[in-house]
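Asks: The sequence shown runs 1 to 251 under my numbering. Below: one structure in structure tokens.
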Amino acid sequence: MSPSVTPMCCGSLTMDADVLVAGRSGRIEAPSTTFLIETADRTILVDTSFGPPDLMTERHPGFECRRSADRTLRAALEAEGAAPSDVDAIVFSHLDWDHCYNLELFNEDVPIYVQRRELQYAIAPYPMHAVRYEAKSLGREPPWLSRDLTPIEGETELAPGVTAFPTPGHTVGHQSLAVETDAGTTVIAADALPTFENVLEDGPAPFRRGATMNDFEWWESAHDVSDRADRILPGHEWEILEANPVGSDRT
């Protein structure tokens with residue numbers, strides 16, 4: 001059995017459009033996406049979405065978070081025939097607040113993988129990044145701090161056909177995953193390429209960045225994702241989901 005990848009919608013975030021695509025104006029509603037990887041003997045979850053919407057919107061006023069009852073992480077898993085207790089491992093693409101909540105659903109002994117570079121920085125970020133990591137310097141405790149995270153360094157095989165690899169730029173230690181499916185290599189880009197608009201070749205360069213900590217590293221990472229992938233799964237793209245924006249009449 002080759003691994004499979006299923007994107008799951010766990011709510012939405014309305015934000016300034018240039019957070020996702022540099023140069024875009026106005027506001028945009030984007031999905032909060034998690035990914036279920038199933039292999040012959042392992043169930044791996046990539047990212048765990050944001051926390052209670054009202055609390056998240058209060059803490060991050062530039063974002064309006066929404067989640068209906070059928071879009072909780074538990075409900076998303078159940079819709080795919082899985083339960084939190086079936087998850088054998090969790091992988092964080094990075095530790096921004098909208099990717100790492102809801103850990104109370106999972107057994108304490110479930111390994112949680114994150115790039116060591118990301119973990120080291122998220123523990124004590126510079127002040128301009130403290131809010132996005134919900135840092136202790138702000139009197140907050142990020143949801144992952146009480147869990148025993150497993151740091152990995154560089155490209156790492158997590159299961160046969162499932163490889164995590166560094167894609168820094170959006171954050172210091174962002175990572176993506178390459179999954180060898182029946183249809184070829186599917187890369188879960190996460191926020192290395194958050195939407196398909198980041199990869200449309202309609203300008204002088206094939207890539208348009210979103211919010212980044214390091215533009216140069218992001219550029220290299222975007223090329224790495226593109227070079228590896230037969231199929232790219234962005235982190236905040238409606239087109240990969242069987243879901244619509246809140247209030248949309250799209251079918």
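Ideal Cβ placement from N, Cα and C applies to all residues, glycine included.
Please report the distance separating the alpha-carbon of Leu95 from that of Gly173.
Replies: As a position in the sequence shown, residue 95 is number 95, starting the count at 1. As a position in the sequence shown, residue 173 is number 173, starting the count at 1. Going from the Cα of Leu95 to the Cα of Gly173 covers about 9 Å.
Asks: Just how far apart, CA to CA, sit Phe216 and Arg71?
Replies: Residue mapping note: residue 216 aligns to position 216 of the sequence shown, counting from 1. Residue mapping note: residue 71 aligns to position 71 of the sequence shown, counting from 1. Going from the Cα of Phe216 to the Cα of Arg71 covers about 35 Å.
Asks: Between Leu13 and Phe63, which are expected to be in contact by the criterion C-beta below 8 Å, what is the C-beta distance as a whole number of angstroms?
Replies: Numbered from 1 along the sequence shown, position 13 holds the residue referred to as residue 13. Numbered from 1 along the sequence shown, position 63 holds the residue referred to as residue 63. With 8 Å as the limit, Leu13 and Phe63 qualify as a contact, their Cβ atoms being about 5 Å apart.
Asks: What is the DSSP secondary structure of Thr167, counted as helix, strand or coil?
Replies: Locating residue 167 in the sequence shown gives position 167, counting from the first residue. Three-state result, Thr167: coil.
Asks: Are Gly210 and Ala22 close, meaning C-beta to C-beta below 8 Å?
Replies: Position 210 of the sequence shown, counting from 1, holds the residue named residue 210. Position 22 of the sequence shown, counting from 1, holds the residue named residue 22. Closer than 8 Å, so yes.
Asks: With DSSP run on the structure shown, which of helix, strand or coil describes Met56?
Replies: The residue labelled residue 56 in the question sits at position 56 within the sequence shown. Of the three classes helix, strand and coil, the one that applies to Met56 here is helix, per DSSP.
Asks: Within 10 Å of its beta-carbon, does Phe117 have 16 or more other beta-carbons around it, so buried, or fewer, so exposed?
Replies: Working through the sequence shown from its first residue, we reach residue 117 at position 117. With the sequence shown as reference, residue 117 is identified as Arg, and Phe is not the correct amino acid for it. Buried: at least 16 other Cβ atoms inside 10 Å.
Asks: Under 8 Å, do Ser49 and Leu77 count as touching if we go by C-beta distance?
Replies: If you number the sequence shown from 1, residue 49 lands on position 49. If you number the sequence shown from 1, residue 77 lands on position 77. Not a contact, by the Cβ cut-off of 8 Å.
Asks: How many angstroms separate the CA atom of Glu239 from the CA atom of Val114?
Replies: Locating residue 239 in the sequence shown gives position 239, counting from the first residue. Locating residue 114 in the sequence shown gives position 114, counting from the first residue. Approximately 27 Å, taken between the alpha carbons.
Asks: Quick one: give me the first and last residue of the alpha helix (DSSP H) that Tyr121 is part of.
Replies: As a working mapping, residue 121 is identified with position 121 in the sequence shown. Note, Tyr121: alpha helix (DSSP H), 116–123.
Asks: Going by alpha carbons, who is nearest to Ser176 out of Ala75, Val91, Val87?
Replies: To locate residue 176, count along the sequence shown from 1; it is residue 176. Nearest C-alpha to Ser176: Val91.
Asks: Three or more beta-carbon pairs under 8 Å between the segment 118–137 and the segment 180–190, yes or no?
Replies: Not touching, per the Cβ criterion.
Asks: For the beta strand (DSSP E) holding Val91, just list the boundary residues, first then last.
Replies: Translated into positions along the sequence shown, residue 91 becomes position 91. Its beta strand (DSSP E) spans residues 89–91.
Asks: Quick one, are the C-beta atoms of Ala159 and Val187 less than 8 Å apart?
Replies: Stepping through the sequence shown from its first residue, residue 159 is reached at position 159. Stepping through the sequence shown from its first residue, residue 187 is reached at position 187. No.
Asks: Which residues bound the beta strand (DSSP E) around Arg66?
Replies: As a first step, residue 66 must be located in the sequence shown, where it is residue number 66. First-last of the beta strand (DSSP E) with Arg66: 64–66.
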